[in-house]
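A short write-up of the structure that comes next.
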Amino acid sequence: MKPGHGEILLAEGDVEVAEQERRLIEAFRRELDAGMWAAVPSERTDGRRQAELVKSFGDVPRDAERVIFFPRAAGGAPRTDR
Amino acid sequence: MLLALGTAALVLVVLLWELTRSRVLGAAAEARARLQAIRSRSREPAQLDYDPGRERRAEQRARELLRSCVEQRDWEMYRDLGFLRVSGGLGERRQAAGASYAYLIYPHRPIVAYVPQTGALLNEYCVTFPDHSRPYGSARLPDADDVLAKWMALNADERRLIEEANMHLPGRQIDPERVRRDLARLSRWERETLGGASRREVVGDGDATGIVRAA
């Protein structure tokens, strides 16, 4: 997720192909090093949608379709406009 | 004699003005343009680069992403009402008789915690997701991305998000009356759209603000 742009595709590939997996891992690390959070959206067996925060590439389920990176949370600045 | 000299001086001034007017006016215009250029160079990139078309496209992409991540009904809630409701997971009743509390997620506004059974407001959790790289001059995500970030963080690690947030009593940033109106709108929306109540179960005591769950 990017301000002024929305969703941007960073990398894509098949984790079963070594070269592509390496590229995915590099992209994953780059984003985490930049301070992003990584979330894996998924669907439970009962059909409900959920998300999981992951801290390493190894935590990403092998069958995950995508990982979404977004800026880490910070306490909001006080505002007074109501 | 004095009158003649004065008249001559006046005529001279008028003649000089006529001769130099175009040059003086040209120089003034040039100076104005230069000043304007300096001012726009010194402006913040966010002001300089703001492009409403790009922001609209970003929001459109963000809405598509949100739609692809949350349940259809949640997406419709956001599309129709402008906010999302998420059940609280830290309470002991989530798995039993329904959540003991829930959150309203607004774009770029604090998350509001409330009690579904009574509608009582609990807290405001102020949290942002600033992108300090400011790729287009702003650190602010599109509205739907902000909502999705909150949804994912609450869903995946509620405790962590709440710990990161600044907690305030209700009314600090969002007018409690507005939240109550939103809860009433939500209740109306659910009545109108729930038609097939048999497919869903209203958790709680049939209260208007009860949590709705897929059966």
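Residue numbers (our numbering), protein chains in the order written: chain A, 1 to 82; chain B, 1001 to 1215.
Idealized CB from N, CA, C, for every residue including glycine.
For B:I1174 versus B:Y1125, is the C-beta distance shorter than 8 Å?
-> Position 174 of the second sequence holds residue 1174 of chain B. Position 125 of the second sequence holds residue 1125 of chain B. No, these two residues do not count as a Cβ contact at 8 Å.
With distances taken from CA atoms, which of A:A34, A:F57, A:F28 and A:A64 is nearest A:P41?
-> What you label residue 41 of chain A is simply residue 41 of the first sequence in a count that begins at 1. Nearest C-alpha to A:P41: A:A64.
Using Cβ-Cβ distances below 8 Å, what residues of the segment 3-23 of chain A are close to chain B?
-> P3, G4, H5, G6 and E7
Pick out whichever of B:N1123, B:Y1106 and B:L1025 has its Cα sitting closest to the Cα of B:W1151.
-> As a working note, residue 1151 of chain B is residue 151 in the second sequence. Considering only alpha carbons, the answer is B:Y1106.
Going by beta carbon distance, what residues of the same chain come within less than 8 Å of B:A1096, once the five residues before and after it are set aside?
-> Mapped onto the second sequence, residue 1096 of chain B falls at position 96. With a pLDDT of 40 at B:A1096, under the threshold of 50, the predicted position of this residue should be treated as unreliable, and no value is reported.
Relative to the alpha-carbon of B:R1067, which residue among B:A1184, B:L1183, B:E1164 and B:D1143 has its alpha-carbon at the smallest distance?
-> To locate residue 1067 of chain B, count along the second sequence from 1; it is residue 67. Checked all of B:A1184, B:L1183, B:E1164 and B:D1143; the closest Cα to B:R1067 is B:D1143.
Less than 8 Å between the CB atoms is what I'm expecting for B:D1157 and A:L10, so what's the real figure, rounded?
-> As a working mapping, residue 1157 of chain B is identified with position 157 in the second sequence. As a working mapping, residue 10 of chain A is identified with position 10 in the first sequence. B:D1157 to A:L10, Cβ: 22 Å. No contact.
Out of B:Q1117, B:I1111, B:V1112 and B:E1071, point me to the one whose CA is closest to B:S1100's CA.
-> In the second sequence, residue 1100 of chain B corresponds to position 100, counting from 1. Here the closest residue by C-alpha is B:Q1117.
Helix, strand or coil for A:A34 per DSSP?
-> Here residue 34 of chain A corresponds to residue number 34 of the first sequence, with the count starting at 1. A:A34 falls in the coil class under three-state DSSP.
Proximity test, Cβ basis, 8 Å: B:T1118 and chain A = Your numbering for residue 1118 of chain B matches position 118 in the second sequence. Answer no: the Cβ-Cβ gap between B:T1118 and chain A never drops below 8 Å.
Return the CA-CA distance between B:D1080 and B:L1194, expressed in angstroms with no decimal places.
-> Position 80 of the second sequence, counted from the first residue, corresponds to residue 1080 of chain B. Position 194 of the second sequence, counted from the first residue, corresponds to residue 1194 of chain B. Approximately 14 Å between the Cα atoms of the pair.
Under 7 Å from any heavy atom of the ligand MG, does the C-beta of A:T45 make it?
-> No copy of the ligand MG appears in this structure; indeed no ligand is present at all.
Where B:S1138 meets chain A, residues with beta-carbon distance less than 7 Å = The residue you call residue 1138 of chain B lines up with position 138 of the second sequence. Near B:S1138 (Cβ distances below 7 Å), the residues of chain A are P3 and G4.
Buried or exposed: which applies to B:R1093, given that a residue is buried once 16 or more other Cβ atoms fall within 10 Å of its Cβ?
-> To locate residue 1093 of chain B, count along the second sequence from 1; it is residue 93. Here B:R1093 scores only 45 on pLDDT, less than 50, and its place in the model is too uncertain to base an answer on.
Between the beta-carbon of B:R1160 and the beta-carbon of B:H1108, is there less than 8 Å?
-> Start at 1 with the first residue of the second sequence, and residue 1160 of chain B comes out as number 160. Start at 1 with the first residue of the second sequence, and residue 1108 of chain B comes out as number 108. Between B:R1160 and B:H1108, the C-beta spacing is not below 8 Å.
Thinking A:R49 and B:V1147 are a contact (beta carbons under 8 Å), I'd like their distance in whole angstroms, please.
-> For the purposes of this step, residue 49 of chain A is taken as residue 49 along the first sequence, with counting starting at 1. For the purposes of this step, residue 1147 of chain B is taken as residue 147 along the second sequence, with counting starting at 1. The Cβ separation is near 14 Å, so there is no contact.
What did DSSP end up calling B:S1022 once you bin it into helix, strand or coil?
-> As a first step, residue 1022 of chain B is located in the second sequence; it is residue number 22 there, counting from the start. DSSP places B:S1022 in helix when its eight states are reduced to three.
Do you know how far the Cα of B:S1087 is from the Cα of B:V1203?
-> Taking the second sequence and counting its residues from 1, one reaches residue 1203 of chain B at position 203. Taking the second sequence and counting its residues from 1, one reaches residue 1087 of chain B at position 87. Residue confidence is low: B:V1203 scores 42 on pLDDT, short of 50, so the model does not pin down where it sits. No coordinate-derived value is stated.
Along chain B, in chain order, which residues have C-beta atoms closer than 7 Å to that of A:R49?
-> Here residue 49 of chain A refers to the residue found at position 49 when the first sequence is read from its first residue. Near A:R49 (Cβ distances below 7 Å), the residues of chain B are C1069, V1070 and E1071.
Name the one or two DSSP bridge partners that A:Q50 has.
-> Within the first sequence, residue 50 of chain A is the residue found at index 50, counting from 1. Bridge partners of A:Q50: A:S42.
Expressed to the nearest angstrom, what Euclidean distance is found between the alpha-carbon atoms of A:E31 and A:F70?
-> Indexing the first sequence from 1 puts residue 31 of chain A at position 31. Indexing the first sequence from 1 puts residue 70 of chain A at position 70. Each residue's Cα considered, the two are about 9 Å apart.
Is the distance from the Cβ of B:E1164 to the Cβ of A:A73 below 8 Å?
-> Translated into the one-based positions of the second sequence, residue 1164 of chain B becomes position 164. Translated into the one-based positions of the first sequence, residue 73 of chain A becomes position 73. Yes; because the gap between Cβ atoms is below 8 Å, this pair is in contact.
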